[in-house]
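Here is the structure we will look at.
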Amino acid sequence: MDTTKKGGIPLHWLMLIGFVIGLGAGLYVNQYIGPETPWVLWLTSNVTGPAGQIFLRLLFMLVIPLLFSALVVGVAEMGDLQSLGRAGIKTLLLTIVVSSIAVVIGLAMVNYFRPGDGVDPALAQQLLAQGADGARGIVENAPTSIKLGDFFLDLIPSNVFTAAADNQILPVMIFALFFGIGLVMAKSPNTDRLQNVIEGLLEVTMKLINMVIKLAPIAIACLMFNLAALFGWDLMMRLAAFVGVAVGAMAIHMFVVYPLVVWIGGKMNPITFFKGVREPMVVAFSTASSNASLPVSLKAAEQELKLPRKIARFVLTVGATANQNGTALFEGVTVLFLAQFFQIELTVTQQVVVMLVCILGGVGTAGVPAGSLPVIAMILVMVGVPAEGIGLVLGVDRFLDMCRTVLNVTGDLVLATVVSRGEKDEPVPPASSPEPEPAVATVA
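Have a look at this one:
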């Protein structure tokens with residue numbers, strides 16, 4: 000209940016109020032005062048900017064222990080490797096299918112509406128120079144190609160602590176997956192006590208994140224003020240067509256594909272589903288982070304959707320990094336938009352390559368704000384589009400990041416709903432769990 004109300008007002012309404020106040024104040028400053036005014040520069044650099052970043056850092060500080068403990072506990076609660084394998088295969092297949100549909104929708108929308116056509120070449124070069132500085136760090140750090148063998152090799156951490164220190168989420172999750180499997184295989188009083196410790200870590204981490212999320216309304220107001228005050232409407236208007244196509248494609252996937260998957264695959268009323276996931280959607284929109292939204296998603300899955308806890312924990316923790324439908328869609332739309340912007344026609348073969356890399360990139364993208372930008376830069380290099388062009392979308396990326404994160408988080412909950420449907424033995428563990436606990440307590 001900590002994340003639902005604050006001072007008697009539901010938290011998602013406070014977040015919306017913070018969003019509106021920050022956006023309105025920022026646009027007023029941009030239009031009538033000027034972003035270069037000394038006190039505005041001081042405010043965005045020393046107050047609103049750091050306030051928003053502190054909120055995000057508090058969340059990211061807790062992401063690694065949350066992901067590790069939630070995934071280990073989710074796997075261990077499966078009880079046997081057969082149910083774990085069944086849930087894992089369903090999750091993987093559904094991720095590939097739904098992500099493919101998302102990318103196809105995005106590419107079809109860009110090819111039909113062609114938002115990047117008709118740009119004055121001189122303006123294109125001017126904007127490219129304008130965005131080059133902001134994009135330089137992303138381009139320099141982006142890989143120049145993608146190798147399937149290296150991708151799978153990088154999934155296995157040679158040192159899990161180094162991977163955690165470098166914020167390499169996927170290798171840490173692979174270690175947590177193996178650790179959870181080990182707990183299932185090596186069942187003993189000692190491993191039971193270890194599992195209890197990890198469950199305690201999960202509870203503490205979720206409690207801390209719930210406390211941090213109470214700061215969200217203030218942080219959202221600060222983040223939106225900075226965005227609106229510094230960029231105003233100029234860059235947003237230039238990229239209005241791009242934003243419209245991207246949001247339109249996401250809306251189709253959200254309100255057409257997801258309801259069909261929930262209805263057909265999960266046998267749940269889509270209206271009931273969306274009513275149950277309102278809070279994770281708002282948190283995802285405000286934080287632009289799948290990982291930061293994970294505790295709220297876990298709570299909604301268990302309390303609102305009434306999904307089995309062990310399936311919800313497994314699918315949602317894996318999905319926070321591996322099921323990025325919105326990210327895959329956004330990457331495809333951005334690459335094709337920039338190709339059109341610089342008058343570079345991509346063949347059907349090149350677009351198929353873009354689609355495949357976007358699906359793979361959606362699986363490997365970190366669930367943090369702007370985590371997809373290095374992947375986009377890599378794809379641009381592969382298809383011969385100036386990678387510095389990514390700087391053009393940086394001004395509106397925050398808003399689109401918020402939108403695609405909503406799609407990612409909702410997709411994780413869709414996935415959990417469908418995977419849960421086939422698990423007929425879900426109600427059994429809660430009924431039998433009170434019996435072993437006294438035995439463990441007496442041994443201790």
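Under numbering that gives the first Met the number 0, residues 0 to 443 are what the sequence shown spells out, in order. Even glycine gets a Cβ: it sits at the ideal position worked out from N, Cα and C.
N- and C-terminal bounds of the alpha helix (DSSP H) containing residue i
i      : result
Leu293 : 289 to 298
Thr36  : No alpha helix (DSSP H) contains Thr36, which DSSP labels as neither H nor E.
Glu330 : 324 to 340
Ala250 : 239 to 251
Ala163 : 159 to 164
Leu154 : Segment: none, Leu154 is in no alpha helix (DSSP H) and carries neither H nor E.
Met267 : Taken as a continuous stretch (DSSP letters only), Met267 belongs to no alpha helix (DSSP H), as it is neither H nor E.
Ser285 : 277 to 286
Val211 : 188 to 212
Buried versus exposed call for residue i [16 or more other C-beta atoms within 10 Å across all chains shown]
i      : result
Phe341 : buried
Ser37  : Reading off the sequence, residue 37 comes out as Pro, not Ser. The residue is exposed, with fewer than 16 neighbouring Cβ atoms inside 10 Å.
Ala185 : exposed
Gly243 : exposed
Ser44  : exposed
Thr271 : exposed
Lys206 : exposed
Met60  : exposed
Glu278 : buried
Gly383 : exposed
Gly33  : exposed
Phe18  : buried
Gly51  : buried
Gly199 : exposed
Pro188 : exposed
Thr204 : buried
Thr348 : exposed
Met108 : buried
Ala175 : buried
Val28  : buried
Ile208 : buried
Euclidean distance between Cα positions of residue i and residue j
i      : j      : result
Ala248 : Glu303 : 27 Å
Glu434 : Asn195 : Model confidence at Glu434 stands at a pLDDT of 44, short of 50, so the residue's coordinates are unreliable; what they give is reported in the following sentence. For Glu434 and Asn195, the distance between alpha carbons rounds to 15 Å.
Gly48  : Ala245 : 27 Å
Ser98  : Asn322 : 8 Å
Glu301 : Phe224 : 35 Å
Ala24  : Ile378 : 37 Å
Thr316 : Val413 : 13 Å
Ile197 : Gln30  : 52 Å
Thr409 : Lys298 : 13 Å
Val392 : Asp191 : 50 Å
Ala218 : Asp396 : 18 Å
Pro294 : Ile343 : 43 Å
Trp12  : Asn407 : 21 Å
Thr94  : Val276 : 19 Å
Gly264 : Lys89  : 11 Å
Val356 : Met381 : 10 Å
Leu55  : Trp41  : 21 Å
Arg85  : Gly318 : 16 Å
Leu91  : Ile100 : 15 Å
Leu306 : Ser296 : 11 Å
Contact check, residue i vs residue j, beta carbons under 8 Å
i      : j      : result
Val255 : Gly105 : no
Val39  : Asn290 : no
Val102 : Ile389 : no
Phe336 : Pro114 : yes
Met14  : Ala228 : no
Val417 : Val260 : yes
Val314 : Asp411 : yes
Ala69  : Arg308 : no
Ile173 : Leu152 : no
Val74  : Ile212 : no
Thr286 : Leu58  : yes
Asp165 : Gln339 : no
Ala415 : Ile251 : no
Proximal residues to residue i (C-beta, below 6 Å), its chain only, five neighbours per side dropped
i      : result
Trp262 : Pro269
Val405 : Met280, Ala283, Phe284
Arg403 : Gly325, Thr326, Phe329
Gly21  : Ala220, Met223, Phe224
Phe112 : Val244
Leu182 : Ala75, Thr190, Gln194
Own chain residues within Cβ distance below 8 Å of residue i, not counting five before or after
i      : result
Val171 : Ile63, Leu66, Phe67, Pro156, Val159, Ala162, Ala163
Lys274 : Glu303
Val46  : Cys221
Close-in-space but distant-in-sequence residues of the same chain around residue i (CB under 7 Å, 5 per side omitted)
i      : result
Phe178 : Val71
Lys266 : Arg420
Ile375 : Glu330, Thr333, Val334, Ile389
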